[in-house]
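Participant: Below you will find the structure I want to go over with you.
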Amino acid sequence: MRIAVTGASGNVGTALLRRLTEPGSGHELIGVVRRPPRATGVYARVKWHQLDLAELGAENSLEEIFDGVDAVVHLAWGFQPTRNTEYLARQGVGGTSAVVKAAHAASVGQLLHMSSVGAYAAGRYGERVDESWSTAGIPSSPYSRNKAAAEALLDDYEREHGDAGIPIARMRPGFIVQRAAASGLMRYALPGYVPMLAVPILPLLPLDRRLCIPLIHADDVADAFASAIERRAVGPFNLAAEPPVGRDDVAGILKAKSIHVPAGVLGMLVDVSWRARLQPIDRGWLDMAFSVPLLDCTRAKNELGWNPQRSSVAALADVIEGVGQQAHGDSAPLRRRSMLEQLWRDVTQGLMTTRRLP
262 MRIAVTGASG
272 NVGTALLRRL
282 TEPGSGHELI
292 GVVRRPPRAT
302 GVYARVKWHQ
312 LDLAELGAEN
322 SLEEIFDGVD
332 AVVHLAWGFQ
342 PTRNTEYLAR
352 QGVGGTSAVV
362 KAAHAASVGQ
372 LLHMSSVGAY
382 AAGRYGERVD
392 ESWSTAGIPS
402 SPYSRNKAAA
412 EALLDDYERE
422 HGDAGIPIAR
432 MRPGFIVQRA
442 AASGLMRYAL
452 PGYVPMLAVP
462 ILPLLPLDRR
472 LCIPLIHADD
482 VADAFASAIE
492 RRAVGPFNLA
502 AEPPVGRDDV
512 AGILKAKSIH
522 VPAGVLGMLV
532 DVSWRARLQP
542 IDRGWLDMAF
552 SVPLLDCTRA
562 KNELGWNPQR
572 SSVAALADVI
582 EGVGQQAHGD
592 SAPLRRRSML
602 EQLWRDVTQG
612 LMTTRRLP
């Protein structure tokens, strides 16, 4: 099959390329990214196109790229700059709109959209919901608002075009991790002056004891996408491993002592430190972690034949061990995190929370 993947060099994109380039797969792969990687390893078998989906004219460029494509996998999404929410909306929601319109104009065979547990509304924290639960999002989280808006955009498309539209599958995974993404995740989450090696040796974990989140390894997400492509699946699919991850699971992997700090107090501390430009994560991420439901994955198991191969705790241990080993990939989003490089870019290009390229 001829498959185009936006955001193909990121966390899930790299895992999906590994899956789609397995021996005997025979797929022709097209990658659409802001910063094409070097043609090495898993990236060598991909035809790359450089494009920022937030740019004017992205739709026209995508239509040319999607010509003759059997399936489009839309993974591209922005996590930074958290202070430029207008750009994040253009890149996420506007980029999704461009992908949908271009895929329709090119008459692609299938569109697979990367949604998220973050698209779900609050109200069932610690309880499992199926795909019928509201995708109104968490209002205080820009990431969640944009994921919810992208879902609404797909709803509008399907209402307008009905059976004449392209088949769309929506994948709604929990929080996604893997060892190779350790440097990339820490680049987004840690201020430039904090070394990665400080994370695995934390003696204390101040966190609300209510923490209960769905989590999944990137390779298991990739397996679900591959199955959805092979089966021409349509509709929404929840994706999460078991068991739900709690505060004590995190503390156990870190070998740290957990201390109960209410989410509201943590939220205030995160907000104040973000506003003071001491760290790059806005409060919305914490609000989302203590608001989104757990995921009932029955539909994915029945219709995709999907079963995650790693437990959520094993996946979390994988990425935390990767943090301790400064694990990284070969693409720009997954590159090695360097304190010196990060501090230099903060000084010369502006803080990560304001510049477009993290």
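Going by the working numbering, the first residue of the sequence shown is number 262, and it counts up by one from there.
Backbone N, C-alpha and C define an ideal beta-carbon position, used for all residues, glycine too.
Against chain B, with Cβ distances strictly below 9 Å, would L349 count as a contact?
Facilitator: The structure shown contains no chain B, having only a single protein chain.
Participant: Is L555 buried or exposed, if buried means 16 or more other CB atoms sit within 10 Å of its CB?
Facilitator: That one is buried.
Participant: With A409 and G356 assumed to form a contact (beta carbons below 8 Å), what rounded beta-carbon distance in angstroms separates them?
Facilitator: About 15 Å; that fails the 8 Å criterion.
Participant: Going by DSSP, what residues sit across from I437 in a beta bridge?
Facilitator: Per DSSP, I477.
Participant: So, helix, strand or coil for G507, using DSSP?
Facilitator: If DSSP states are grouped into helix, strand and coil, G507 belongs with the strands.
Participant: Using C-beta distances below 6 Å, list every residue in its chain close to D532, excluding the 5 sequence neighbours before and after it, in chain order.
Facilitator: Counting only Cβ-Cβ distances below 6 Å, and skipping sequence neighbours, we find R544.
Participant: Would you mind sorting E412 into buried or exposed? The rule is 16 or more other CB atoms within 10 Å of its CB.
Facilitator: Buried, because 16 or more other Cβ atoms sit within 10 Å of the Cβ of E412.
Participant: From D629 to T559, what distance separates their C-alpha atoms?
Facilitator: Residue 629 is absent from the structure shown; the chain starts at 262 and stops at 619.
Participant: Hey, S377 and R433: beta-carbon distance below 9 Å or not?
Facilitator: Yes.
Participant: Below 8 Å, how does it come out for the segment 501-519 and the segment 338-354: are there three or more Cβ pairs, yes or no?
Facilitator: Flag = no, the segment 501-519 and the segment 338-354 do not touch.
Participant: By the three-class DSSP mapping on this structure, what secondary structure does R263 have?
Facilitator: R263 falls in the strand class under three-state DSSP.
Participant: Could you tell me whether the Cβ atoms of A276 and A576 are closer together than 9 Å?
Facilitator: No, they are not a contact pair.
Participant: From the DSSP output, which residues share a beta bridge with K518?
Facilitator: For K518, which the question treats as bridged, DSSP gives the partners L465.
Participant: R431 and F498 look like a contact to me (Cβ under 8 Å); what is the Cβ gap, rounded to whole Å?
Facilitator: About 7 Å separates the two Cβ atoms, so the contact holds.
Participant: Where does I429 sit, in a helix, a strand or coil, going by DSSP?
Facilitator: It is a strand residue.
Participant: Where are the alpha helix (DSSP H) runs, 4 residues long or more, that stay fully inside the segment 531-592, in chain order?
Facilitator: Counting whole runs of 4 or more residues, the segment 531-592 contains the alpha helix (DSSP H) stretches 544-550, 559-565, 573-585.
Participant: Take A512 and list the residues in its own chain whose beta-carbon comes closer than 6 Å to its own, dropping the five residues that flank it on each side.
Facilitator: For A512, where only same-chain residues beyond five positions count, the Cβ hits under 6 Å are L466, S519.
Participant: My understanding is that V266 touches G287, with C-beta atoms under 8 Å, so please give their C-beta distance in whole angstroms.
Facilitator: About 16 Å separates the two Cβ atoms, so there is no contact after all.
Participant: Once DSSP output is grouped into helix, strand and coil, what is the label at F486?
Facilitator: Looking at F486 - three-state DSSP - the assignment turns out to be helix.
Participant: Can you tell me which of V369, L595, A489, R280 puts its alpha carbon nearest to the alpha carbon of I326?
Facilitator: I326 has its Cα closest to that of V369, out of V369, L595, A489, R280.
Participant: Across the segment 347-365 and the segment 413-432, are there enough close Cβ pairs to call them in contact, namely three or more that are closer than 8 Å?
Facilitator: Contact holds: three or more Cβ-Cβ distances are below 8 Å.
Participant: To test your reading of the DSSP string, which unbroken alpha helix (DSSP H) runs of 4 or more residues are found completely within the segment 262-292?
Facilitator: Those alpha helix (DSSP H) runs which fall completely within the segment 262-292 and span 4+ residues are 272-281.
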